[in-house]
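In the working numbering, each residue carries its 1-based index in the sequence shown increased by 2. Virtual Cβ for every residue (Gly too), placed ideally from N, Cα, C.
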Amino acid sequence: MFSRELASHGRAFVNYQALSQVEVKDMTIDGFPAKLFFNPARVRSVMADVSPEALQKRACFLCPDGVEEHQLTHNWDSPTGHTYYIRVNPFPIFSPHFTVSSSVHERQELLPHLESMLHLAKELPEMTIFYNGPMCGASAPDHMHFQAVPRHSLPIEDHFSTNYANAILVQEVDLQTHLAAVKKVLAIGTIPEEASQTGSLTAGASHAEEYEPRWNIVSWYTPSPNGDSVESCSMVQNSVELSAENTTLHHSTQHYTTLHNGMFHTVIFFRKESRPQCFFAPEEERILFSPATVEMGGIGIVANRESFDRLTPSKLRNIISEVADEIV
Ligand SMILES: [Zn+2]
């Protein structure tokens, strides 16, 4: 589908060609490898006005009536019963880059679609699937969608560390066990603020007027090499224990000794702010940076030259801590 659509030389062709011209700056932030991309074609996403008034005025670009002439659609039926449209993202960050949107025009909300996200990760082990919350980078918060990009696109996939205070990694062999474990972590976002503050955890202070806690989620599936069963593996992860009085975050190394053919991985970022202060700063200091999953995962995207030049590793670090909800 990807090569067929590019062959039609439409908007996607132009933007994927431009992707090879993207300037990249490598950065190290607290030992974590990050990258900054200067990608002028992303200006529409970085600057997206997602206010209810603006959404009312525009045609939905994820609904069949709103797609452009050259856009192809592949229908994917999830085992959960939902159907999704898989399309080439016309404003890519990576190549290839797909949108996976619900066949129904319904609001961006994770929980009814989380299981499908995991099935998709397993069906596409060469891709990483991510979800931007309605206040955390989604440019179509009125239409439920995921995105799919090549595996290893995000530094967090290969460099997760328990020192990385902004993220929780969940890893399980079985889909349903993994789903339950992820939901347990997500529940932090829905517990009352007072309860979360009694523990070491400050994450998940719900925003009263919003229907979903602020989060970015990324999932992928690693099959075992050659399809053989893997006897055991060990990994570091952050896990969370919830009880009536307390919420505690543990850093631990888990040793799996079960036979398995692959494993699910999900990273959860809790968010405090939608956009950083510098986004609203006066022109001469302004940095047009609107963090979503990709940014939380270690790839910064800016759409203008001034922002690219102004963003230093320490500024990027400060922006990420400003918009993230620290979980330790
Ligand atoms: Zn729609």
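Given residue 122 as reference, the closest of 277, 266, 308, 290 once Cα atoms are compared: 266
Alpha carbon of residue 148 to alpha carbon of residue 19, nearest angstrom: 23 Å
Touching by the beta-carbon criterion (3+ pairs, under 8 Å), the region 36-50 and the region 291-301: yes
C-alpha distance - residue 69 paired with residue 83, whole-angstrom precision: 24 Å
Simplified DSSP state of residue 98, which is helix, strand or coil: coil
Exposure of residue 182, with buried meaning 16 or more beta-carbon neighbours within 10 Å: exposed
Exposure label - residue 282; buried when at least 16 CB within 10 Å: exposed
Inter-residue spacing [alpha-carbon to alpha-carbon] between residue 206 and residue 135: Reliability fails at residue 206, whose pLDDT of 46 lies under 50, so the model's placement of it is uncertain and no value is given.
Reference residue 45; option with closest CA among 8, 131, 62, 141: 141
Residue ranges of each beta strand (DSSP E) within the region 131-187, 3 or longer: 147-152, 169-174
Backbone secondary structure at residue 202 - three-state DSSP: Only weak support exists for where residue 202 lies, its pLDDT of 39 falling under 50; the value from the coordinates is given anyway. Here residue 202 sits in coil by DSSP.
N-terminal and C-terminal residue of the alpha helix (DSSP H) that residue 59 is part of: 54-59
Inside the region 286-330 only - alpha helix (DSSP H) runs reaching at least 4 residues: 295-298, 307-312, 315-325
Close-in-space but distant-in-sequence residues of the same chain around residue 312 (CB under 7 Å, 5 per side omitted): 289
Cβ-heavy atom distance, residue 64 to ligand 2, below 6 Å: In terms of ligand content, the structure shown lacks ligand 2 and carries ligand 1 instead.
Under the three-state DSSP convention, the category residue 263 falls into: coil
At least 3 beta-carbon pairs within less than 8 Å: the region 79-94 vs the region 53-61: no
Assigned exposure category for residue 89 - 16 Cβ within 10 Å defines buried: buried
Reduced DSSP category for residue 35 - H, G, I as helix; E, B as strand; rest coil: strand
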